[in-house]
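For the sequence shown, my numbering begins at 1 and goes up steadily by one.
From the three backbone atoms N, C-alpha and C, an ideal C-beta is built for every residue, glycine too.
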Amino acid sequence: MTDIKSLSFDELKSALEGYELKRFRIAQIYKWLHVFGVSSFDEMTDLPKNLRNRLSEEFCIPSCRIENKYTSALDGTVKYLFRLADGEFVESVIMKYKYGYTICISSQVGCKMGCSFCASTLAGFKRNLLPAELESQIHAAQRDLDVRISHVVLMGIGEPLDNYDNVIKFLRTLNSPDGLHLSLRDVTLSTCGIVPMIYKLAEEDMPITLTVSLHAPNDKLRSSMMPVNERWGVNEVISACKAYAKRTSRRVSFEYTLIKGVNDSEECAMQLASLLKGFISHVNLIPVNNVVERENKKPSDKAVINFQIALKKFGINATIRRTLGSDINASCGQLRRKKQETLTENGGESSENSCKNR
Ligand code: SAH
1 MTDIKSLSFD ELKSALEGYE LKRFRIAQIY KWLHVFGVSS FDEMTDLPKN LRNRLSEEFC
61 IPSCRIENKY TSALDGTVKY LFRLADGEFV ESVIMKYKYG YTICISSQVG CKMGCSFCAS
121 TLAGFKRNLL PAELESQIHA AQRDLDVRIS HVVLMGIGEP LDNYDNVIKF LRTLNSPDGL
181 HLSLRDVTLS TCGIVPMIYK LAEEDMPITL TVSLHAPNDK LRSSMMPVNE RWGVNEVISA
241 CKAYAKRTSR RVSFEYTLIK GVNDSEECAM QLASLLKGFI SHVNLIPVNN VVERENKKPS
301 DKAVINFQIA LKKFGINATI RRTLGSDINA SCGQLRRKKQ ETLTENGGES SENSCKNR
């Protein structure tokens, strides 16, 4: 079975050559897949039945089925645990802002990066998500909530730059006028700092916002929190970000997760300010979310504000990330992990269709 939803329009045309279809038919199929986000050929109601049958014998449509859904009573944030065709799980979160709906999507099943404070890495890395599965998270949420999602952040489970080709293909589809037609300016990609891929991304001519998970202002501390730093140190990451900003004319953001007694001192704020001096960027401060298996503690609200004030004193503007969905455990990686534990206890479940993953 070939994954039809990960094909570009031209690839779809080639894949359907033997069908001898008129161009409008191919456009109809593409629209069902990418605008309406259907998960079966039967839903393509303006195609002749025999064509639908033939397509379903040769192709599959990787989709996201809602396994669990949690809605925050506090702010309406919705979190989904999605089941993929092979029985794996990923998470997405939908947040409502003044300017519309934003979805935070996963890029991989699990993560290899091993950051010490993160839940996504605990359940182990399984595989990359396909372009279709990246997109299907948006379709599944839009269809379930009956809303249009206008902003996408690649900040869920996984490291998007470790699934580079599929992420780029997904972004091109997302931006296509024949698909969801989202502006790439409304897309944010968050990375732990895979330096060569930041340079590569800069060459794609995509006006997406890059945000880098920095979390520490020096190599010693950063390496103790993020193994990736042993490969590409703080200075290399900052140089890559500067090159990205120069090439794309886009402002780069930095995520700084504050952990009590680890990286929340005034000395850290001073080092961070000196690292970013003269670089027009933005710092997002995130009080760490407690992950059951991790020992990290959230600093007090006062300590978070003090860190922000210290940065300002040294000339760096920072915002404190507003917490959304705090009553539904909205930080990523935790639902998948819980689900896996339950499945292991019950002896596991088998996958349910033959949609092959690359
Ligand atoms: N791999 C990418 C994207 C996924 S993580 C990256 O590293 O950027 C998305 C963001 O959540 C990152 O900034 C990550 O460091 C942060 N994060 C992970 N676990 C967290 C936790 N327990 N509390 C607060 N932020 C966390």
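Any idea which residues DSSP pairs residue i with across the strands?
| i | result |
| --- | --- |
| Ala140 | Beta-bridge pairing links Ala140 to no other residue. |
| Ile320 | Leu285 |
| Arg65 | Arg83 |
| Phe59 | Thr2 |
| Ile157 | Ile157 pairs with nothing; no bridge assigned. |
| Ile105 | Leu154 |
| Thr188 | Val153 and Thr209 |
| Thr71 | Val78 |
Given 7 Å as the limit, tell me if residue i has its C-beta closer than that to any heavy atom belonging to the ligand SAH.
| i | result |
| --- | --- |
| Ile286 | yes |
| Glu318 | Here residue 318 is Ala; the residue named in the question, Glu, does not match the sequence. Not under cutoff, so the answer is no. |
| Ser190 | yes |
| His215 | yes |
| Glu88 | no |
| Val152 | no |
| Phe117 | yes |
| Gly77 | The sequence given here places Thr at residue 77; Gly does not occur at that position. The answer is no for Thr77. |
| Arg289 | Note that residue 289 is Asn in the sequence shown here, rather than Arg. Checking every heavy atom of the ligand SAH against the Cβ of Asn289, one is found closer than 7 Å. |
| Met155 | yes |
| Thr257 | yes |
| Glu159 | yes |
| Met197 | no |
| Met95 | no |
| Met113 | yes |
Hey, could you find the ends of the alpha helix (DSSP H) residue i is sitting in?
| i | result |
| --- | --- |
| Lys169 | Tyr164 to Asn175 |
| Leu201 | Val195 to Ala202 |
| Lys220 | Asp219 to Met225 |
| Leu12 | Phe9 to Ala15 |
| Thr248 | Val234 to Thr248 |
| Val252 | It is not in any alpha helix (DSSP H) - Val252 instead sits in the beta strand (DSSP E) that spans Val252 to Leu258. |
| Lys313 | Asp301 to Lys313 |
| Leu122 | Looking at the DSSP string, Leu122 is not in any alpha helix (DSSP H), and its letter there is neither H nor E. |
Just reading off the beta strand (DSSP E) that residue i is part of, what are its end residues?
| i | result |
| --- | --- |
| Ile149 | Ile149 to Leu154 |
| Met95 | Phe89 to Tyr97 |
Out of the options, which one is the CA nearest neighbour of residue i?
| i | options | result |
| --- | --- | --- |
| Lys200 | Ser120, Asp219 and Ala245 | Ala245 |
| Glu203 | Ile168, Asp146, Ser326 and Glu17 | Ile168 |
| Asp165 | Val288, Glu293 and Asn128 | Asn128 |
| Ser47 | Ile66, Cys64, Ile61 and Ala27 | It is worth fixing the name first, because residue 47 is Leu in this sequence and not Ser. For Leu47, the nearest C-alpha among the options comes from Ala27. |
| Glu315 | Lys302, Ile280 and Cys60 | Looking at the sequence shown, residue 315 is not Glu but Gly. That would be Ile280, whose Cα lies nearest to the Cα of Gly315. |
| Asp10 | Arg172, Leu221, Pro287 and Val252 | Arg172 |
| Lys297 | Asp178, Asp144 and Cys118 | Cys118 |
| Asn317 | Asn306, Asp327, Gly325 and Ser326 | Asn306 |
| Pro196 | Ile238, Glu57, Ala73 and Val152 | Ile238 |
| Asn290 | Leu145, Gln334, Lys313 and His139 | Gln334 |
| Gln137 | Ala123, Ile157, Lys338 and Lys126 | Ile157 |
| Leu55 | Asn68, Pro62, Cys64 and Phe41 | Phe41 |
| Tyr19 | Ala273, Ile194, Tyr99 and Glu58 | Glu58 |
| Gly114 | His139, Glu91, Ser150 and Glu159 | Glu159 |
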